[in-house]
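Notes to accompany the following structure.
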């Protein structure tokens with residue numbers, strides 16, 4: 005069942021801001037494989053998919069800081085980040101795909117003249133590489149990496165910076181997110197949110213209660229036309 009929260013009708017959006025990984029592109033398997041490979045090099049074995057899911061929606065740097073602390077790694081976090089980015093980029097060019105319905109959504113908004121941005125916890129180089137690989141670079145007027153702001157999600161910095169670069173008021177922006185930290189960041193930024201959980205098991209997370217429009221079943225339930233209509237008229241179903 006698609007849910008939405010009741011509130012007064014908002015203004016017509018000046019911009020829509022997309023998270024990248026797990027929202028626009030199915031990159032989590034690549035990040036899992038890259039993380040598993042890098043950790044194994046440093047003696048950490050048995051890093052599984054469930055371990056990876058703990059960090060969906062959290063910036064790469066913050067993820068590595070946590071893993072470094074948990075596994076008592078003495079390698080500098082900047083070195084781990086460089087290793088992970090290299091491992092990820094080796095996979096991204098051949099194994100990254102957009103979610104079909106989300107691509108339709110992007111194209112629908114772009115055709116309507118809505119300014120679009122990507123705001124992600126990934127490095128800027130990775131964001132740009134992925135967008136090039138899937139042929140969406142020219143659809144986004146702004147790209148913001150968590151590396152470019154003081155704090156990553158669930159803090160609102162990356163979304164506020166995207167709004168600034170698009171010359172849009174935060175209250176007139178809509179965020180599209182797949183993870184609780186991103187939904188929380190959108191709420192803290194004062195932006196409406198379309199929630200499309202990457203892992204449907206997290207749809208009940210309290211952070212998604214702030215999403216104006218929630219597709220609990222994730223990408224398989226996402227309806228581009230319904231989301232497009234909701235963005236413009238604030239309809240509460």
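In the numbering used here, the protein residues as written are 5 to 241. Virtual Cβ for every residue (Gly too), placed ideally from N, Cα, C.
Residue pairing by DSSP places residue 39 in no beta bridge whatsoever.
Under the three-state reduction of DSSP output, residue 19 falls in the strand class.
With a cutoff of 8 Å on beta-carbon distance, residue 194 and residue 212 are scored as not near each other. For residue 125, the secondary structure class from DSSP, reduced to helix, strand or coil, is coil. Within 10 angstroms of the beta-carbon of residue 115 lie fewer than 16 other beta-carbons, which makes it exposed. Residue burial annotation: residue 236 is exposed, with fewer than 16 other C-beta atoms found within 10 angstroms of its C-beta.
Secondary structure note for residue 199: its beta strand (DSSP E) is the uninterrupted segment 196-199. Leaving aside the five residues that flank residue 228 on each side, the residues in its chain whose CB is nearer than 8 Å to its CB run, in chain order, 105, 106, 108, 109 and 112. The beta carbons of residue 22 and residue 120 sit closer together than 8 Å.
Each of 47, 48, 60 and 54 was checked against the Cα of residue 184, and the nearest Cα belongs to 60.
Residue 62 has its alpha-carbon roughly 6 Å from the corresponding atom of residue 157.
Nearest to residue 102 by C-alpha distance, out of 139, 164, 126 and 130, is 139.
Under the DSSP assignment, residue 203 falls outside any alpha helix (DSSP H); it carries neither an H nor an E label. Excluding five sequence positions before and after residue 77, the CB atoms of its chain that fall closer than 6 Å to its own CB belong to 46, given in chain order.
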